[in-house]
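The structure under discussion appears below in the form of structure tokens.
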């Protein structure tokens, strides 16, 4: 973006100063380093430093604090209550003597002497709520460049672990808007902070208080900015040792649940993975290098977001002052806090009930009756062991007979599934009718060098094909081309194809089936990667970028598949298993897609052709799909096995997601079963040696068979989850798991909470 987006230095004319609030406990060396770096700043004579000591006990720290009390520009306050970050800062803010507050962690080291003159003009603007900066790890990588909202994890640090010049390389040289910013170093007007009630000390004593504050400011139409030219060093969570206590882990969970409920309307649909958030990039482009225009656009974006949520109803909003009618806000806030209080009360009651049950259990174990009857329980347990030995043969026989079914199977819930499909068909038909009635078109962007060639095979089912095409146009987030092979459709598909712009369309005079049609399309594809996508599937956001990223971040990748969900929200598969008898099983079928076992990347036997991403080079090296498996079924299984025989990997990436109708183009369940039975025999004949290396087809082997590697299994148990944004041991856990994942082992993580 243009360098002209720079704040004008009006600070020299204002002759005001800033109060820097620093909570601390011991850690003398970090505090001293922080204070000295502040005092070495330019314009430091305009600064007031407020240190809030939370019961330090180290002699060095106490002596240092006593010495600081003698300085005119430093207040040393005492906080004798348990650590509550929000309450400590609220207390200090009321004691501050300046118009501007700067919240700073005691492990921040100011390395930019001109930070004050760069950030002060921004925070003084009437349309800005808070101003943050770039925080760097000691290794000079970015720890914070703002915070982006994310539906599942609530908040993620922007540009985390990128090089320190990452923003400059992306041509971002001036202030830019973000959802939130960390209070590790954050400027805000004292008047705004106090009017908002400060940090939420009742429900967010330690975590997410800065996120909550920024979101409350955004409801007032106030923008949060990052000044990228200010880069400070942040050691991150040096003094938060109290997080090691189990009671604090409970607190952390409660705070996570509160913030997720409190701001659920802002979190819905928010996604962020890495880099610069799309919304920020778009605002910077639209502003054409003008700071005033940028902030106005950011404020308008906030207004539109709230209007969509249906929380505010304005007839003619102006771009700045009268942006929101805040009388509605207080009632909404009261309702949210009331609902949270009710939920928290229910949680407390359940916790108390659990404690009562545990106490009752303890009383039973200590009772005389329990001790006297101990021999009887031993006898019972011994009898059960003997009984189980007699059942071993029967159990083994049962296990051998209880084979997992193939991917196509009769389902006891089929009637319900049919009803869901009928409803889905009805909505899709209505959507198609509206598409034609309004004479809409779908425009696909043209690219000279597309990253992905999306290959679709159509045979009737125009209503489902339209949904698929619309999802591509909406959610494809890399350069791409769409290649459609129509297998002589005789329904509305003919009209639908006429409404597409920049799609490559190949029309066959007969139905060649899926396999031959894909090979035909591949001859015209120009993308670096090929995506085989069923026309009864819809693409979820980020699927293409997350899928192609695997080829760049992992070694020797031949193909990538993703999490395939059925219409009812359950899993179709999370990667697939090939058994020794050639039977195939979609791992996790009908399971909950949010369960942990379906949400980590792993090597698999193969991935469904409903979404299969491979490289152009690999596809042609293997001479495409084997047409002996025409018209369909087992073609992707065979393709993936051939990839593995060349020493390449097939990887399941859970962040790649589609929704799949399933069996729309095969003529239904029965025809699919017949096709699979025939092609299973062909597959077994072709890959005899490979199948000898596979697990036996018994259900108890599923947990082992879901991993395609033969690596040893390693279990990691830690009381820190791998979350780099939290600090206090969480980044350490992340680093350990990242390093282990690079080794030839299967890693399982168990959180000790």
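Residue numbers (our numbering): 6 to 758. For each residue, glycine too, the CB sits at the ideal point set by N, CA and C. The structure presented is a predicted model; accordingly, all values stated were derived computationally and were not measured.
What is the residue span of the beta strand (DSSP E) that residue 234 lies within?
228-239
Tell me the DSSP secondary structure of residue 486 in three-state form.
strand
Check for me: the alpha helix (DSSP H) holding residue 631 runs from which residue to which?
Annotation for residue 631: no alpha helix (DSSP H) segment contains it, and DSSP assigns it neither H nor E.
Smallest Cα separation from residue 537: which of 637, 444, 649?
637
According to DSSP, what are the bridge partners of residue 535?
458, 619
Taking all protein chains shown into account, decide if residue 557 is buried (16 or more other Cβ within 10 angstroms of its Cβ) or exposed.
exposed
What do you reckon, are the CB atoms on residue 299 and residue 288 nearer than 9 Å?
yes
Can you tell me whether residue 578 sits near the ligand ATP, meaning its C-beta is under 8 Å from at least one heavy atom of the ligand?
Among the ligands in the structure shown, none appear at all, so the ligand ATP cannot be discussed.
Is the beta carbon of residue 97 sitting closer than 9 Å to the one on residue 136?
no
To which residues of the same chain is residue 593 closer than 6 Å at the C-beta, ignoring the five residues directly before and after it?
576, 579, 603
In the structure shown, what three-state DSSP assignment does residue 221 receive?
helix
Taking the beta carbon of residue 87 as the centre, do at least 16 other beta carbons fall within 10 Å, making it buried, or is it exposed?
Label assigned to residue 87: exposed.
Compare the Cα-Cα distances from residue 117 to each of 43, 79, 275, 147 and report the closest residue.
For residue 117, the closest of 43, 79, 275, 147 by C-alpha to C-alpha distance is 43.
Three-state secondary structure (DSSP) at residue 465?
Three-state result, residue 465: coil.
Quick check: the region 507-521 against the region 480-495, are there 3 or more CB pairs under 8 Å?
yes
Give me the DSSP bridge partner(s) of residue 277.
DSSP lists no partner for residue 277.
Below 8 Å CB to CB, which residues in the same chain sit around residue 156 once its five sequence neighbours on both sides are set aside?
272, 273, 274, 275, 276
Can you give the Cα-Cα distance for residue 790 and residue 466, rounded to whole angstroms?
As displayed, the chain neither begins before 6 nor continues past 758, which places residue 790 out of reach and without an answer.
Tell me the DSSP secondary structure of residue 153 in three-state form.
Per DSSP, reduced to three states, the secondary structure at residue 153 is strand.
Please return the same chain residues whose Cβ sits closer than 6 Å to the Cβ of residue 573, not counting the five positions on each side in sequence.
425
Using three-state DSSP, classify residue 753 as helix, strand or coil.
strand
I'd like the list of long-range same chain contacts for residue 2, defined as Cβ closer than 6 Å, with 5 residues on each side in sequence excluded.
No information on residue 2 is available, as it lies outside the stretch 6 to 758 that the chain covers here.
Quick check: residue 61 and residue 210, are their CB atoms within less than 9 Å of each other?
no
Measuring only the C-alpha atoms, how far is residue 28 from residue 280?
31 Å
Our contact map puts residue 152 next to residue 185 with C-beta atoms below 8 Å; I'd like the distance itself, whole angstroms only.
The C-beta distance from residue 152 to residue 185 rounds to 4 Å, short enough to meet the 8 Å contact threshold.
Consult DSSP for residue 480 and reduce its assignment to one of helix, strand or coil.
helix
Kindly indicate which residue of 587, 543, 583 has the alpha-carbon position closest to the one of residue 567.
543
In chain order, what residues of the same chain lie with their CB nearer than 7 Å to the CB of residue 464, ignoring the 5 residues before and after it?
492, 494, 516, 670
Helix, strand or coil for residue 719 per DSSP?
strand
Grab the span of the beta strand (DSSP E) containing residue 543 for me, first residue to last.
Start and end: 542-544.
Just to confirm before moving on: does the CB-CB distance between residue 233 and residue 150 stay below 9 Å?
yes
Could you tell me the alpha carbon to alpha carbon distance between residue 444 and residue 451, rounded to whole angstroms?
22 Å
Under a three-way DSSP split, which group does residue 293 fall into?
coil
In whole angstroms, what separates the C-alpha of residue 166 from that of residue 626?
37 Å
Should the region 220-238 be regarded as contacting the region 121-135, the criterion being three or more beta carbon pairs within less than 8 Å?
yes
Taking just the CA atoms, how far does residue 628 sit from residue 744?
37 Å
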